[in-house]
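Structure first, then comments.
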Amino acid sequence: MKEAFVSKTSNDEFRVELRDSPIPKPNADQVVIRVVAVGLNPKDWKYTLAEPSNQGDDIAGYIHSVGEDVRDFRPGDRVAAFHEMMNPHGGYAEYAVAYSHTTFHIPESTSFEEAATIPLAAMTAALGLFFDLQLPSPWTPASKPTPLIVYGGASTVGSFAIKLASLANIHPIITVAGSGIPSIQPLLDPSKGDAVIDYRKGDESVITSLRAALKGAKATIALDAVSEHDTIRNLSHVLEPEVGKIALILPAKEVEKPVTQITTYVGSVHSDDNVFMKDTPRFGKLGQKEFGAVYFKFFARGLEGGWFSGHPHRIVEGGLEGLANALSNMRAGKVSAFKYVVRIADTPGLEKAQG
1 MKEAFVSKTS NDEFRVELRD SPIPKPNADQ VVIRVVAVGL NPKDWKYTLA EPSNQGDDIA
61 GYIHSVGEDV RDFRPGDRVA AFHEMMNPHG GYAEYAVAYS HTTFHIPEST SFEEAATIPL
121 AAMTAALGLF FDLQLPSPWT PASKPTPLIV YGGASTVGSF AIKLASLANI HPIITVAGSG
181 IPSIQPLLDP SKGDAVIDYR KGDESVITSL RAALKGAKAT IALDAVSEHD TIRNLSHVLE
241 PEVGKIALIL PAKEVEKPVT QITTYVGSVH SDDNVFMKDT PRFGKLGQKE FGAVYFKFFA
301 RGLEGGWFSG HPHRIVEGGL EGLANALSNM RAGKVSAFKY VVRIADTPGL EKAQG
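Encoded structure:
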């Protein structure tokens with residue numbers, strides 16, 4: 001099979017090398033997927049190293065083979081999956097590996113390209129909202145107003161956070177966005193107090209507008225899908241001191257206002273035996289691994305039922321060979337309110353190589 005390895009040159013440019021690799025074999029609780037589409041994430045450009053690696057983690061395609069302990073999937077099933085980060089056999093290839101509990105079925109009505117926008121970002125949003133912030137879940141929805149601020153609402157994680165919060169009847173949702181505002185307005189319900197704030201007007205305007213949108217309500221929770229110093233600072237000026245909590249996608253930053261910062265590690269869903277597990281599990285004996293297994297099935301049911309969907313996306317020209325250009329565009333800030341998706345079959349010469 002063909003597999004793309006991405007690295008950085010001495011000039012800090014992205015380099016893609018297509019290699020011939022054997023089709024991987026699954027462990028007992030893994031599946032091998034024939035990849036149709038793979039989604040790109042910000043971490044793919046932020047953490048690319050000089051050592052070449054295949055870190056495509058949002059996979060969609062067909063089950064090729066399953067491990068001996070796998071019961072929920074069989075060859076030919078249409079699936080999406082979250083590949084274990086920083087491990088071999090990622091989705092920048094014709095075949096990739098994922099654990100069965102981070103794999104979920106997708107209906108015929110969901111394209112592989114749409115499905116490839118879901119796993120990592122949607123799970124990050126779910127963990128941040130329902131595990132780290134411990135908000136009411138979609139099956140035990142909020143019964144009273146629960147103000148939630150989502151910073152970076154047009155990002156993939158932010159957009160999924162809005163969708164999931166709405167399913168849990170969490171309102172008002174006050175979100176901060178920029179050029180992607182038109183894409184998230186359909187997700188909001190102004191009749192329940194939902195509103196969007198334009199960050200392009202400056203930090204002080206954001207703080208003032210957030211307070212105004214809350215209409216006197218006290219805000220204690222936020223999900224920051226940007227997690228840079230200024231976004232955390234702005235939130236710290238709006239959330240209630242001492243009791244305010246922010247779920248972050250990057251490590252915490254020092255700010256002058258006293259708020260609790262919780263970093264959401266989406267990779268924790270792969271195993272309860274990892275460095276991301278908290279010392280005290282918040283769901284009794286169950287941790288992020290079981291949480292992830294449940295919510296991936298929840299996404300599958302939502303796609304089947306039509307009450308959950310993926311994120312807007314654009315296809316990368318040139319298949320795997322287009323990875324370097326796509327990653328460069330992401331680093332340059334040219335991606336807003338959509339996710340890049342690679343179609344493996346668009347890779348030049350692939351059919352010839354397969355033949």
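Just so we're aligned, residue 1 is where the sequence shown starts under full-length UniProt numbering, counting upward by one.
Glycine included, C-beta positions come from ideal geometry on N, C-alpha and C.
Should Glu-94 be labelled buried (16 or more other beta-carbon atoms within 10 Å of its own) or exposed?
Taking the sequence shown and counting its residues from 1, the one referred to as residue 94 is at position 94. Buried.
Taking just the CA atoms, how far does Phe-130 sit from Met-1?
For the purposes of this step, residue 1 is taken as the residue at position 1 of the sequence shown. For the purposes of this step, residue 130 is taken as the residue at position 130 of the sequence shown. Distance between the alpha carbons of Met-1 and Phe-130 is about 39 Å.
Please report the distance separating the alpha-carbon of Ala-345 from that of Gly-91.
If you number the sequence shown from 1, residue 345 lands on position 345. If you number the sequence shown from 1, residue 91 lands on position 91. Cα to Cα, the separation comes out at about 13 Å.
Taking the Cβ atom as the reference point for each residue, do Ser-309 and Ala-154 lie within a distance shorter than 8 Å?
Taking the sequence shown and counting its residues from 1, one reaches residue 309 at position 309. Taking the sequence shown and counting its residues from 1, one reaches residue 154 at position 154. No, Cβ-Cβ distance for Ser-309 and Ala-154 is not below 8 Å.
Quick one: what's got a C-beta closer than 6 Å to Ser-227's C-beta in the same chain, skipping five residues either side?
Here residue 227 corresponds to residue number 227 of the sequence shown, with the count starting at 1. Around Ser-227: Leu-248, Ile-249 and Leu-250.
Comparing C-alpha positions only, which one of Pro-42, Pro-119, Val-157 and Gly-67 sits nearest to Val-269?
Position 269 of the sequence shown holds residue 269. Out of Pro-42, Pro-119, Val-157 and Gly-67, Pro-119 has the C-alpha closest to the C-alpha of Val-269.
Kindly identify the DSSP beta-bridge partner or partners of Phe-14.
Along the sequence shown, one-based indexing puts residue 14 at 14. DSSP lists Lys-8 as partners of Phe-14.
Closer than 8 Å by C-beta to Trp-307: which residues in its own chain qualify, once you throw out the five before and the five after it? Chain order, please.
Walking along the sequence shown from the start, residue 307 turns up at place 307. Within the same chain, Trp-307 has close Cβ partners Leu-167.
Assign Leu-286 to buried or exposed, taking buried as 16 or more other Cβ atoms, counted over all protein chains shown, within 10 Å of its Cβ.
Within the sequence shown, residue 286 is the residue found at index 286, counting from 1. Burial call: exposed.
In chain order, what residues of the same chain lie with their CB nearer than 8 Å to the CB of Phe-276, ignoring the 5 residues before and after it?
Here residue 276 refers to the residue found at position 276 of the sequence shown. Confidence at Phe-276 is low in this model, with a pLDDT of 49, below 50, so its placement is unreliable and no value can be given for it.
Looking at the structure shown, is Gln-30 part of a helix, part of a strand, or coil, going by DSSP?
As a first step, residue 30 is located in the sequence shown; it is residue number 30 there, counting from the start. DSSP places Gln-30 in strand when its eight states are reduced to three.
List, from N- to C-terminal side, the alpha helix (DSSP H) runs of 4 residues or more that fit wholly inside the region 242-319.
Whole alpha helix (DSSP H) segments, 4+ residues: 288-305.
Once the 5 residues before and after Lys-8 are set aside, which same chain residues still bring their CB inside 8 Å of it?
Taking the sequence shown and counting its residues from 1, one reaches residue 8 at position 8. Same-chain partners within the cutoff: Phe-14, Arg-15, Thr-48, Leu-49 and Ala-50.
When burial is assigned at 16 or more other CB atoms within 10 Å of the CB, is Trp-45 buried or exposed?
Position 45 of the sequence shown, counting from 1, holds the residue named residue 45. Buried, by the Cβ-count rule.
In chain order, what are the residue ranges of uninterrupted beta strand (DSSP E) at least 3 long that sit wholly in the region 150-207?
173-177 and 195-198
What do you get for Gln-55, buried or exposed, if any count of 16 or more other CB atoms within 10 angstroms of its CB means buried?
If you number the sequence shown from 1, residue 55 lands on position 55. Answer is buried; the Cβ neighbour count reaches 16.
Give the straight-line distance between the Cα atoms of Val-294 and Thr-260, rounded to the nearest whole angstrom.
The residue you call residue 294 lines up with position 294 of the sequence shown. The residue you call residue 260 lines up with position 260 of the sequence shown. Using only the alpha carbons, I get a separation of about 27 Å.
Classify Thr-124 as helix, strand or coil using the three-state DSSP reduction.
If you number the sequence shown from 1, residue 124 lands on position 124. Of the three classes helix, strand and coil, the one that applies to Thr-124 here is helix, per DSSP.
How about Ala-222 and Ile-246: do their beta carbons lie closer than 8 Å?
Here residue 222 refers to the residue found at position 222 when the sequence shown is read from its first residue. Here residue 246 refers to the residue found at position 246 when the sequence shown is read from its first residue. Taking 8 Å as the Cβ cut-off, Ala-222 and Ile-246 qualify as a contacting pair.
For Tyr-99 and Arg-200, I'd like the C-alpha separation in whole angstroms.
Along the sequence shown, read from residue 1 onward, the residue named residue 99 stands at position 99. Along the sequence shown, read from residue 1 onward, the residue named residue 200 stands at position 200. Roughly 41 Å between the two C-alpha positions.
Sort out for me which residues DSSP pairs Tyr-340 with in a bridge.
For the purposes of this step, residue 340 is identified with residue 340 of the sequence shown, where counting begins at 1. Bridge partners of Tyr-340: Arg-314.
Here's a check: name, in chain order, each residue in its chain whose Cβ is nearer than 7 Å to the Cβ of Pro-26, leaving out the five neighbours to either side.
Stepping through the sequence shown from its first residue, residue 26 is reached at position 26. Val-32, Ser-65, Val-66, Gly-67 and Val-97.
Can you give the Cα-Cα distance for Ser-111 and Gly-302, rounded to whole angstroms?
For the purposes of this step, residue 111 is taken as residue 111 along the sequence shown, with counting starting at 1. For the purposes of this step, residue 302 is taken as residue 302 along the sequence shown, with counting starting at 1. Their Cα atoms are separated by approximately 14 Å.
State the Cα-Cα distance for the pair Glu-290 and Asn-11, rounded to the nearest angstrom.
Numbered from 1 along the sequence shown, position 290 holds the residue referred to as residue 290. Numbered from 1 along the sequence shown, position 11 holds the residue referred to as residue 11. Rounded to whole angstroms, Glu-290 to Asn-11 spans 42 Å at the Cα level.
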